[in-house]
Amino acid sequence: MTAEPKLTARQLPSAVRRELDALPITDVHTHIYDPALGPVLLWGLDELLTYHYLVAEVFRCRPEMATGDFWALSKTAQADLIWDELFVKRSPLSEACRGVLTALISIGLDPHVRTLAPLRRWFAKQNARDYVDLVFDKANLRRVYMTNDPFDPAEAPGWAQPFARDPRFLGVLRLDSALMNWPEPAARLAGAGFRVEEALSGQTIAELRRYLNVWCDRFEARYMAISLPPSFRYPAVQSPLTNLLVKAVLPVAEARGIPLAMMIGVRKLVNPALRLAGDSLGVSDVETVEQLARDFPKNRFLITMLARENMHGLCIAARKFANILPFGCWWFLNNPSLIDEITRMRLELLGLSFVPQHSDARVLDQLLYKWSHSRAIIAGVLSEKYAGLLDAGWAVTRSEIRRDLGLLLDVAP
Ligand code: RAT
Ligand code: ZN
């Protein structure tokens, strides 16, 4: 048997790139759905163009446009307007715009059009199930984690009856609708048959745990997830949210052996008129994450934060607590320059013990660009890091690179 050849410095970049392109990825956070759940799975041209990242950008081109006038348009008319403003009248240089081009080109469509009619004709011939296969194949994905919310009116009907699950779509119980802004969710939970009261009595906590277990069972949830404001603190005796997390969520997560994903740093609806596009960010408290990890050593925490300023602190927290797993470059951090910086920093501080990226795709088609853009950056950063090993006198083979990439991007946390 001949030993596997060691890669030279010249061979490294293309070897890393090829291995990463060939790796079927596990996408740990998306907003796309098993096609059996019906219309909650968004896909196609008009959804792609009315993505809230692009909605925010169109208002920058048309500051005089009343938000109400935009929302009054049909989805098709909104997409036409976005195409005209962001792709026809100016070059589509932003990351969200570039993504649309990558997505269209990767399925063989020519985006050099002034009106969308020719592209719409192609999409009109597709059906959701076949399109899922096409996108998974082109983006080379093994599986994606959904964001499942029992109170989402678009999603809930799909779960009313059992159905044959597509094993590529893993369940995640999203907690925001049951926990945030307490006591608002109390009536919602009570309406769903859980005997909760506004006061956090023993019965309320017990019933909330029952809710979590019922829905983790129904979704076959691989983790629970919540998005949190920058003001989130633990310990915080007076905070209903912190109390609910500590008394209801963490015990259930521990008993089920599943992690809790905390996505920290969102300031919801700073501009409510922009709806989904109206959220902003703030610097969050890394000490809170450390204290939770220390006080709940049997729980596992998947953590992502929205502020660039938190990225270094989160790496250090993960070095101190093995039950913290940093994941992804979330939302406003999902841009090439920032993915490059954050991935570099995480590799330097954490080796291979983090999840470099998730897509956060809200529209199936976005998987086509979010992953190809991220693969390119991650491959570039890794090539440099392997080159550093060669400089130090260490040898690297293709199969070692393949193994390492799997540890980063094909994990089911
Ligand atoms: O990135 C996004 O699309 C955000 O609107 C959110 O979905 C965020 O990722 C979240 O899961 O709360
Ligand atoms: Zn998300």
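For the sequence shown, the positions run -11 to 401 when this note's numbering is used.
Cβ atoms here follow ideal geometry from the backbone N, Cα and C, with glycine treated the same way.
query: For Val16 versus Val343, is the C-beta distance shorter than 7 Å?
result: On the sequence shown, residue 16 is found 28 positions in, with the first residue counted as 1. On the sequence shown, residue 343 is found 355 positions in, with the first residue counted as 1. Judged by their CB atoms, Val16 and Val343 are nearer to each other than the 7 Å cut-off.
task: Take every Cβ of the region 149 to 156, pair it with every Cβ of the region 30 to 40, and state whether three or more of those distances are shorter than 8 Å.
output: No, they do not touch.
- prompt: Can you find a CB in chain C that lies within less than 7 Å of the CB of Arg117?
  reply: Included in the structure is just one protein chain, with no chain C present.
message: By the DSSP assignment, the alpha helix (DSSP H) with Arg282 in it spans what residues?
response: Position 294 of the sequence shown, counted from the first residue, corresponds to residue 282. That run of the alpha helix (DSSP H) goes Val274 to Asp283.
query: Could you check where the beta strand (DSSP E) with Ser341 kicks off and where it finishes?
result: Residue numbering aside, residue 341 sits at position 353 when the sequence shown is read from its first letter. Looking at the DSSP string, Ser341 is not in any beta strand (DSSP E), and its letter there is neither H nor E.
query: Does the count of Cβ pairs from the region 131 to 149 and the region 41 to 48 closer than 8 Å reach three?
result: As far as the Cβ criterion goes, the region 131 to 149 does not touch the region 41 to 48, which means the pair count is below three.
message: Can you look up Ala127 in the DSSP assignment and give me helix, strand or coil?
response: On the sequence shown, position 139 is the one that residue 127 refers to. Ala127 carries a helical assignment under DSSP once its states are collapsed to helix, strand and coil.
- prompt: In or out: Met53 buried (at least 16 other Cβ within 10 Å) or exposed?
  reply: Looking up residue 53 in the sequence shown gives position 65. Exposed.
message: Quick check on Ala(-9): buried or exposed, where buried means 16 or more other Cβ atoms within 10 Å of its Cβ?
response: Residue numbering aside, residue -9 sits at position 3 when the sequence shown is read from its first letter. With fewer than 16 other Cβ atoms within 10 Å, it is exposed.
Beta-carbon spacing of Tyr222, Thr276 below 7 Å: Within the sequence shown, residue 222 is the residue found at index 234, counting from 1. Within the sequence shown, residue 276 is the residue found at index 288, counting from 1. Contact annotation: Tyr222 and Thr276 have beta-carbon atoms nearer than 7 Å.
task: List the endpoints of the continuous beta strand (DSSP E) containing Ser215.
output: Residue mapping note: residue 215 aligns to position 227 of the sequence shown, counting from 1. Per DSSP, Ser215 belongs to the beta strand (DSSP E) from Ala209 to Leu216.
Neighbouring residues (CB closer than 7 Å to any heavy atom of the ligand RAT): Counting only beta-carbon distances shorter than 7 Å to the non-hydrogen atoms of the ligand RAT, the qualifying residues in chain order are His17, His19, His40, Thr135, Ser215, Met251, Val254, Leu264, Asp267, Trp318, Trp319, Asp348 and Arg350.
message: Give me, in chain order, the residues of the same chain whose beta-carbon lies closer than 6 Å to that of Ala213; leave out the 5 immediate sequence neighbours on both sides.
response: By 1-based counting over the sequence shown, the position of residue 213 is 225. Apart from the 5 residues on each side of it in sequence, Ala213 sits with its Cβ closer than 6 Å to the Cβ of Val160, Arg162 and Ala249 in its chain, given in chain order.
message: Please return the same chain residues whose Cβ sits closer than 8 Å to the Cβ of Gln191, not counting the five positions on each side in sequence.
response: As a first step, residue 191 is located in the sequence shown; it is residue number 203 there, counting from the start. Closer than 8 Å at the Cβ level, and outside the excluded window around Gln191, lie Arg183, Val184 and Glu185.
- prompt: Taking the DSSP output, what are the residues bridged to Arg255?
  reply: Along the sequence shown, one-based indexing puts residue 255 at 267. Residue pairing for Arg255: DSSP places it in a beta bridge opposite Ser268.
- prompt: Does the Cβ of Thr103 have 16 or more other Cβ atoms within 10 Å, making it buried, or fewer, making it exposed?
  reply: For this step, residue 103 is matched to residue 115 along the sequence shown. Counting the other CB atoms within 10 Å of its CB gives Thr103 a total below 16, which places it among the exposed residues.
field: Cβ-based neighbour list, Ser268, same chain, cut-off 6 Å, excluding 5 preceding and 5 following
entry: For the purposes of this step, residue 268 is taken as the residue at position 280 of the sequence shown. Setting aside the 5 residues that flank it on each side, Ser268 is surrounded in the same chain by Arg255 and Val258, each with a C-beta closer than 6 Å to its C-beta; the list follows chain order.
message: If I follow the unbroken beta strand (DSSP E) through Val160, where does it start and stop?
response: Numbered from its first residue, the sequence shown carries residue 160 at position 172. Counted as a single uninterrupted DSSP element, the beta strand (DSSP E) harbouring Val160 occupies residues Phe157 to Arg162.
query: Anyone know if the C-beta pair for Glu143 and Val28 falls short of 7 Å?
result: Counted from its first residue, the sequence shown places residue 143 at position 155. Counted from its first residue, the sequence shown places residue 28 at position 40. Taking 7 Å as the Cβ cut-off, Glu143 and Val28 qualify as a contacting pair.
query: Can you pull the DSSP bridge partners for Leu313?
result: Locating residue 313 in the sequence shown gives position 325, where the first residue counts as 1. Looking at the DSSP output, Leu313 sits in a beta bridge with Leu290.
field: Counterpart residues of Leu248 in DSSP-defined beta bridges
entry: Taking the first residue of the sequence shown as position 1, residue 248 is located at position 260. Under DSSP, Leu248 takes part in a beta bridge, and its partners are Met212 and Phe289.
field: Presumed contact (8 Å Cβ cut-off) between Trp170 and Leu232, rounded CB distance
entry: Here residue 170 refers to the residue found at position 182 of the sequence shown. Here residue 232 refers to the residue found at position 244 of the sequence shown. Beta-carbon to beta-carbon, Trp170 and Leu232 are separated by about 6 Å, close enough to satisfy the 8 Å threshold.
field: Element boundaries [beta strand (DSSP E), containing Asp15]
entry: Residue 15 sits at position 27 when you count from the first residue of the sequence shown. From DSSP, the beta strand (DSSP E) with Asp15 extends over Ile13 to Asp15.
- prompt: What does a CB cutoff of less than 7 Å around Trp319 pick up in its chain, not counting 5 residues either side in sequence?
  reply: Translated into positions along the sequence shown, residue 319 becomes position 331. Hits under 7 Å: Leu294 and Asp348.
Assigned secondary structure, Tyr374 (DSSP; H/G/I helix, E/B strand, else coil): Position 386 of the sequence shown, counting from 1, holds the residue named residue 374. Of the three classes helix, strand and coil, the one that applies to Tyr374 here is helix, per DSSP.
message: Going by DSSP in three states, Asn136 sits in which element: helix, strand or coil?
response: For the purposes of this step, residue 136 is taken as residue 148 along the sequence shown, with counting starting at 1. Reduced to three states, the DSSP call for Asn136 is strand.
task: Would you mind stating whether Ala236 and Arg197 have Cβ atoms separated by less than 7 Å?
output: By one-based count along the sequence shown, residue 236 stands at place 248. By one-based count along the sequence shown, residue 197 stands at place 209. Yes, Cβ-Cβ distance for Ala236 and Arg197 is below 7 Å.
task: Please say whether Pro218 and Val271 have beta carbons closer to each other than 7 Å?
output: Taking the sequence shown and counting its residues from 1, the one referred to as residue 271 is at position 283. Taking the sequence shown and counting its residues from 1, the one referred to as residue 218 is at position 230. Going by C-beta atoms, Val271 is nearer than 7 Å to Pro218.
- prompt: Going by the CB atoms, is the gap between Thr55 and Ala261 shorter than 7 Å?
  reply: Residue mapping note: residue 261 aligns to position 273 of the sequence shown, counting from 1. Residue mapping note: residue 55 aligns to position 67 of the sequence shown, counting from 1. Yes, the pair counts as a contact, with Cβ atoms nearer than the cut-off.
message: Beta-carbon within less than 6 Å of Pro239's beta-carbon, same chain only, minus the 5 sequence neighbours each way: which residues are those?
response: Against the sequence shown, residue 239 aligns to sequence position 251. Counting only Cβ-Cβ distances below 6 Å, and skipping sequence neighbours, we find nothing.
- prompt: What's the gap between the Cα of Leu337 and the Cα of Gly301?
  reply: Within the sequence shown, residue 337 is the residue found at index 349, counting from 1. Within the sequence shown, residue 301 is the residue found at index 313, counting from 1. Whole-angstrom Cα-Cα distance: 11 Å.
- request: Report yes or no: do three or more beta-carbon pairs, one from the region 109 to 122 and one from the region 56 to 69, lie closer than 8 Å?
  value: A contact is defined here as three or more CB-CB pairs under 8 Å, and the region 109 to 122 fails this definition with respect to the region 56 to 69.
query: Can we say the region 350 to 365 touches the region 5 to 16, given the rule of at least three CB pairs closer than 8 Å?
result: Counting C-beta pairs with one atom in each stretch, the region 350 to 365 and the region 5 to 16 have three or more that are closer than 8 Å, which means they touch.
field: Spatial distance of Lys77 from Ile70 (CA atoms)
entry: Taking the first residue of the sequence shown as position 1, residue 77 is located at position 89. Taking the first residue of the sequence shown as position 1, residue 70 is located at position 82. The alpha-carbon atoms of Lys77 and Ile70 are separated by roughly 10 Å.
task: Please say whether Ser215 and Asp164 have beta carbons closer to each other than 7 Å?
output: Start at 1 with the first residue of the sequence shown, and residue 164 comes out as number 176. Start at 1 with the first residue of the sequence shown, and residue 215 comes out as number 227. Result yes, Cβ atoms of Asp164 and Ser215 sit closer than 7 Å.
query: In whole angstroms, what separates the C-alpha of Arg363 from that of Asn287?
result: Here residue 363 refers to the residue found at position 375 when the sequence shown is read from its first residue. Here residue 287 refers to the residue found at position 299 when the sequence shown is read from its first residue. In a straight line, the C-alpha of Arg363 is about 30 Å away from that of Asn287.
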